[in-house]
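Q:
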Amino acid sequence: MTAAAEHGGGAPPDGAEAQRGWGARPRPGEAVDALAALEWPAERLGDAIEALALQGGLSPRAVAAPIPTAGHLRSADALGAWIDQAAGYLGVEAEPIAARYDEVDAALLRVAPALVWLRGGETPTFLAVVGRRGRELSVLRADRSAARVPVEAITRRISRPLEAQVLPEVDRVLARAGVRPRRRGRARQALLRERLGPVILDGIWSLRLPPGASFRRQIAAARVPRRLLGLLAAHASAYALWILVWMTVGRSILDDHLDEGWLLAGALLLATVVPLRQLMSWLSGVVAIDVSALIKQRLLSGALALDAEEVRSEGAGRFLGRVIESEAIEALAMGGGVAAVASAFELVAAAAVLAQGAAGALHAVLLAAWAVLVVALCARFYRRRARWTSARLAMTHDLIERLVGHRTRLAQERHGRWHHGEDEALAQYLLRSRELDRSQIEIGALMPRGWLIAGIAGLLPPFLAGSGSAAAYAVALGGVLLASRALQGLSAGLSSLASAAIAWEQVSTLFQAAARGGTPPPPLPPDAGRTPPPTPGAAGGPDVESRAPVLEAHELSFRHKGRARPAVIDVSLRIAAGDRILLEGPSGGGKSTLSALLSGLRAPDAGLLLLNGLDRHVLGAAAWRRRVAAAPQFHENYVLSGTFAYNLLMGRRWPPRPDDLAEAEAICCELGLGELLGRMPGGLEQVVGETGWQLSHGERSRLYIARALLQGAEVVVLDESFAALDPETLAQALRCVLRRARTLVVIAHP
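Here it is, written out as structure tokens:
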């Protein structure tokens with residue numbers, strides 16, 4: 001009996017959903033057989049990804065689905081790399097998901113559309129999870145039809161290989177404890193959860209659009225347009241019900257024939273408004289959360305896609321200003337856009353009501369003129385808000401730069417000049433703030449309340465002429481009140497949109513940078529871009545000329561933006577597997593620029609650069625950087641606020657596996673950081689960086705070296721990494737690097 005059947009769960013047999021429900025108790029072996037009917041074989045893995053993308057609304061490219069080879073299925077890393085590249089070829093992104101043993105079911109419920117790797121069989125198979133309904137997952141068959149499967153059945157199938165390792169021991173414990181057979185299943189599951197709970201399970205890939213995809217496609221995939229239409233429909237319905245309440249109850253009171261039927265009708269209409277208001281609140285919250293998540297994801301991707309020169313030209317204060325403005329976009333754009341559209345609809349409805357009142361069409365024309373005046377005042381608010389934002393961001397940038405350079409200013413700048421220019425900047429900011437406050441009062445308070453006066457004044461001509469009935473005046477007054485509410489919403493919505501437009505000017509660079517990268521290449525063969533580990537110094541080993549080159553450069557040239565002279569001119573080189581190359585030269589000679597070109601951090605302006613015979617366009621920027629790891633100069637490298645383990649393994653994978661942590665500790669000891677790990681209370685889990693344990697210059701340098709080595713790249717480029725080390729530590733670190741790096745390029749001063 002299999003583990004899944006023994007535990008009493010599983011999936012229904014193929015086509016048996018109508019005859020026998022999933023809630024029925026499965027017979028032995030039936031759960032495994034039923035789930036097997038939904039599995040995709042490894043040779044159809046590309047078709048499974050394409051089907052998932054189509055059914056998940058991701059609109060994949062109309063290209064032939066790739067086919068994996070046996071080389072891609074040899075290891076989890078090779079399979080994950082192939083799935084990532086195959087998904088990119090189809091125009092989607094495959095995000096690997098890792099979850100604890102006791103949290104796999106919760107992870108499966110939130111990652112659809114997703115690909116699930118089923119281990120334990122003779123050949124790898126996969127499930128294509130396209131959606132969920134309650135505790136059931138919708139799984140695609142190989143013929144692209146769907147079946148609903150309880151999440152517990154899939155969880156048991158994923159966990160079966162892991163459980164098989166400890167089940168014999170668990171059953172022996174239960175037998176010695178004398179647990180009754182009737183309670184043995186529940187006791188077994190409790191012991192498994194206790195024993196395997198912290199173990200991390202992988203093999204799940206969630207499909208989604210890449211952050212750089214068209215934002216319109218991302219919005220459509222998140223079903224935002226449908227929810228926005230529902231929100232507007234609910235708003236229109238609630239508004240129409242308010243008008244009906246006014247018509248039914250108000251006219252009856254004015255015509256002096258009010259009875260219980262009209263009151264009951266008005267009460268029912270008001271009661272109907274309540275669920276509509278609740279629906280509006282729920283839809284607006286869901287839309288705001290979804291759009292905010294997409295914006296944050298795209299801005300983060302854009303920040304990581306910025307060129308090194310773009311980052312270098314910006315100060316910390318400007319980046320902080322962009323972060324603040326990005327929050328303004330999320331808070332203001334969605335609320336302001338929905339409010340402006342809803343208010344425009346309310347204005348049209350209020351104009352129609354006014355046209356039926358005592359003053360007729362002239363009253364509606366007066367409302368239109370007042371709305372134009374509100375729009376003009378909002379335009380002035382936009383200009384004043386732009387000037388105020390510029391002043392605030394300039395002050396923020398200046399403050400951050402002063403804080404960052406406080407120690408230098410304290411030591412080198414005269415005390416009398418520490419606050420030079422601050423009073424002038426504050427005075428300018430105060431002036432802009434007063435102008436902005438006036439505009440906010442005008443559009444937020446004066447215009448809606450001023451309309452009440454203007455609207456009632458518009459009733460004076462028919463009132464003085466003695467025309468119009470009491471009902472017509474009641475309709476006109478109702479229209480004036482509705483228009484006042486609409487104008488208030490329009491003012492708030494337009495001011496929010498104006499603020500969001502100004503914030504957009506600050507973050508648009510990050511938003512657009514996410515789209516860089518172009519069309520991804522087709523999946524590569526399993527051994528493309530890889531070379532076997534070198535055997536430097538082996539007797540009888542091949543000489544350099546007979547070995548295939550790993551990196552080749554032909555007449556490379558590069559010029560920094562804004563510079564007249566190129567930093568690199570017509571450089572050609574050939575690096576074979578196992579080479580140890582020392583590159584020396586004076587400061588400013590282009591050594592660091594060349595290392596950035598070799599590691600893929602910059603693209604050459606001219607020339608040809610090949611990695612195992614493939615250029616950067618074919619491999620892709622991410623694949624290139626996985627194969628060539630670099631440790632830049634000290635001032636361009638950072639210790640992030642996090643654990644020591646995270647700073648070591650951030651270029652490898654996270655969360656780490658036990659073997660990752662063991663290798664990280666071993667490399668640290670080889671580099672002479674073992675004493676540091678012994679001093680830190682948390683060891684590898686010690687928080688370091690700005691808010692944690694402070695590292696010395698030499699310790700940071702060796703951390704950067706370890707980070708590059710742990711990426712397992714074919715080529716390691718170290719730029720001035722040994723400059724801060726004493727001779728004894730340098731010799732120790734150099735022995736580690738020569739032993740660990742497959743191909744090595746070291747840049748140093750003569």
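In my numbering, the protein residues as written are 1 to 750. Glycine included, every Cβ here is placed at the ideal spot set by N, Cα and C.
Can you tell me which residues form a DSSP beta bridge with Ala99?
A: Note: Ala99 sits in a beta bridge opposite Leu201.
Q: Output needed for Val170: all residues of its chain with C-beta closer than 8 Å, excluding positions within five of it in sequence on either side, in chain order.
A: Excluding sequence neighbours, Val170 sits near Arg188, Leu191, Leu192, Arg195.
Q: When the Cα of Leu490 is compared with those of Arg625, Gly212, Ala339, which residue comes out closest?
A: For Leu490, the nearest C-alpha among the options comes from Ala339.
Q: Where does Arg223 sit, in a helix, a strand or coil, going by DSSP?
A: Note: Arg223 maps to coil in three-state DSSP.
Q: With 16 as the cutoff for other CB atoms within 10 Å, does Leu299 come out buried or exposed?
A: Buried, since its Cβ has 16 or more Cβ neighbours within 10 Å.
Q: In chain order, what residues of the same chain lie with their CB nearer than 8 Å to the CB of Asp605, ignoring the 5 residues before and after it?
A: Here the set comprises Ser557, Phe558, Arg559, Pro566.
Q: Tell me, which residues are paired with Ala114 by DSSP?
A: For Ala114, which the question treats as bridged, DSSP gives the partners Val129, Ser206.
Q: Around the C-beta of Lys561, are 16 or more other C-beta atoms found within 10 angstroms, so that it is buried, or is it exposed?
A: That one is exposed.
Q: Under DSSP, the alpha helix (DSSP H) around Arg434 begins and ends at which residues?
A: Start and end: 422-441.
Q: Measure the C-alpha to C-alpha separation of Ala731 and Gly672 and round it to an integer number of angstroms.
A: So the two alpha carbons sit approximately 10 Å from each other.
Q: On the three-state DSSP scale, how would you describe Gly725?
A: Going by the sequence as given, residue 725 is Leu instead of Gly. Note: Leu725 maps to coil in three-state DSSP.
Q: Could you check where the alpha helix (DSSP H) with Leu263 kicks off and where it finishes?
A: From DSSP, the alpha helix (DSSP H) with Leu263 extends over 260-305.
Q: Starting from Ala65, trace the alpha helix (DSSP H) both ways and give me its first and last residue.
A: Where Ala65 is concerned, there is no enclosing alpha helix (DSSP H), given that its DSSP letter is neither H nor E.
Q: Given this structure, state the Cα-to-Cα distance separating Ala751 from Leu452, to the nearest angstrom.
A: Any property of residue 751 remains undetermined from this structure, which presents the chain solely from 1 to 750.
Q: Kindly identify the DSSP beta-bridge partner or partners of Arg574.
A: Answer by DSSP bridge pairing, in chain order: Glu552.
Q: Would the beta-carbon of Leu221 fall within 8 Å of that of Leu35?
A: The residue asked about is misnamed: residue 221 is Ala in this sequence, not Leu. Not in contact: Ala221 and Leu35 (Cβ atoms no closer than 8 Å).
Q: Have a look at Glu122, Ser587, Leu609 and flag the residue whose alpha-carbon is nearest the alpha-carbon of Val550.
A: Checked all of Glu122, Ser587, Leu609; the closest Cα to Val550 is Leu609.
Q: Let's test the definition: count the other Cβ atoms within 10 Å of the Cβ of Ala114 and tell me whether it reaches 16, buried, or not, exposed.
A: Buried, by the Cβ-count rule.
Q: So does Val375 have its beta carbon nearer than 7 Å to some heavy atom of the ligand FAD?
A: By its list of ligands, the structure shown contains no ligand whatsoever, and the ligand FAD lies outside what it can speak to.
Q: I need the DSSP call for Glu217, collapsed to helix, strand or coil.
A: Going by the sequence as given, residue 217 is Arg instead of Glu. Arg217 falls in the helix class under three-state DSSP.
Q: Within 8 Å of any Cβ in chain D, is that where the Cβ of Ala723 sits?
A: The structure shown contains no chain D, having only a single protein chain.
Q: By the three-class DSSP mapping on this structure, what secondary structure does Arg312 have?
A: Arg312: helix per DSSP, three-state reduction.
Q: Here's the rule I'm using: 16 or more other beta-carbon atoms within 10 Å means buried, otherwise exposed. How should Trp388 be labelled?
A: The residue in question, Trp388, is buried, as its Cβ has 16 or more Cβ neighbours within 10 Å.
Q: Let me check understanding here. Comparing Cα to Cα, which of Arg184, Arg740, Lys591, Glu663 lies closest to Ile747?
A: Selected option, being the one with the closest Cα: Lys591.
Q: Can you name, in chain order, every residue of its own chain whose Cβ lies under 6 Å from the Cβ of Ala342, other than the five neighbours on each side?
A: The answer, listed in chain order, is His235.
Q: For the stretch 335-405, list the alpha helix (DSSP H) runs that are entirely contained and at least 4 residues long, ordered along the chain.
A: The qualifying runs are 361-404.
Q: Using DSSP with H/G/I as helix, E/B as strand and the rest coil, what is Glu714?
A: Three-state DSSP puts Glu714 in coil, outside helix and strand.
Q: So for Thr123, helix, strand or coil by DSSP?
A: It is coil, neither helix nor strand.
Q: To the nearest angstrom, how far is the alpha carbon of Ala765 from that of Pro211?
A: Residue 765 lies beyond the range of the chain shown here (1 to 750); nothing can be said about it.
Q: Hey, out of Ala733, Pro448, Leu264, whose CA is closest to Gly698's CA?
A: Of the listed residues, the one whose Cα sits closest to Gly698 is Ala733.
Q: Please list the terminal residues of the continuous beta strand (DSSP E) segment that includes Ser138.
A: Where Ser138 is concerned, the enclosing beta strand (DSSP E) stretches over 136-140.
Q: Determine the DSSP secondary structure at Gly651, reduced to helix, strand or coil.
A: Here Gly651 sits in coil by DSSP.
Q: Along the alpha helix (DSSP H) that carries Ala741, what are the first and last residues, could you check?
A: No alpha helix (DSSP H) holds Ala741; DSSP gives it neither H nor E.
Q: Just to confirm, are Val784 and Thr643 a CB contact at a threshold of 8 Å?
A: Lying before the first or after the last residue shown, residue 784 is absent from the chain, which here runs from 1 to 750.
Q: Looking only at its own chain, which residues have a Cβ that is under 7 Å from the Cβ of Leu73, when we skip the five neighbours before and after it?
A: Result list for Leu73: Ala42, Leu79, Pro124, in chain order.
Q: Return the Cβ separation of Ile329 and Val173 in integer angstroms, given the expectation that the two are a contact with Cβ distance under 8 Å.
A: Incorrect: roughly 57 Å between the Cβ atoms, too far for contact.
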